[in-house]
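Everything on this sheet refers to the single structure shown next.
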């Protein structure tokens with residue numbers, strides 16, 4: 102089944118290789134910092150500022166939250182280079198004025214894929230399985246083509262009224 106999906110599905114998103122200013126900030130190598138990169142891309146903020154903001158938010162969540170997740174994170178590093186938890190991401194984006202639109206619900210299956218015709222116009226931050234990326238008017242802004250040939254499922258996306 103997956104063979105046919107890949108054979109007949111094609112992402113029509115153009116790719117603009119964009120690290121969100123990571124290299125300019127002096128960082129090297131490949132890491133799991135897609136949240137930092139995506140926020141830096143859509144806001145135009147300096148990569149280092151977003152990185153530091155998320156580091157502080159991760160630390161605050163780990164120290165102040167009483168959830169099982171926060172307790173489990175106590176042994177981990179607060180660095181966003183290894184990822185930022187969904188709870189922290191949603192809170193941070195909401196503070197910046199971004200609104201969440203889910204596209205997938207429990208038991209429903211995938212309805213929206215990382216394809217130009219299935220996504221709204223404007224600038225959006227897209228949540229996929231274990232990855233966050235940016236699409237600006239049909240152009241994918243990331244360090245690689247994460248669309249999986251248009252088969253990658255979109256869990257939801259954030260929009261900001263300034264970017265529609």
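Numbering (the numbering used here), first residue to last: 102 to 265. Every residue gets a Cβ at the ideal spot worked out from N, C-alpha and C, and that includes glycine. A quick note: this is a predicted structure, and the numbers were derived from the prediction, not measured.
query, result
"Candidates 242, 216, 194 and 146, of which the one nearest residue 262 by Cα", "194"
"Beta carbon of residue 184 nearer than 9 Å to that of residue 214", "no"
"Residue closest to residue 137, alpha-carbon to alpha-carbon, out of 222, 167 and 187", "187"
"Whole-angstrom distance between residue 171 and residue 164, CA atom to CA atom", "7 Å"
"Neighbourhood of residue 149 by C-beta distance below 7 Å, restricted to the same chain and skipping five residues each side", "126"
"Three-state secondary structure assigned by DSSP to residue 142", "helix"
"Range covered by the alpha helix (DSSP H) that runs through residue 115", "No alpha helix (DSSP H) contains residue 115, which is instead part of the beta strand (DSSP E) from 115–118."
"Helix, strand or coil at residue 135 according to DSSP, with G and I counted as helix", "helix"
"Integer Cβ distance of residue 141 from residue 151, believed to fall under 8 Å", "5 Å"
"Limits of the alpha helix (DSSP H) - the one that residue 243 falls within", "First-last for residue 243: 240–243, but that is the beta strand (DSSP E), not the alpha helix (DSSP H)."
"Integer-rounded CB distance, given that residue 258 should sit under 8 Å from residue 230", "Going by Cβ atoms, the distance from residue 230 to residue 258 rounds to 14 Å, so no, they are not a contact pair."
"7 Å Cβ shell around residue 202 - same chain, five flanking residues per side excluded", "257, 258 and 260"
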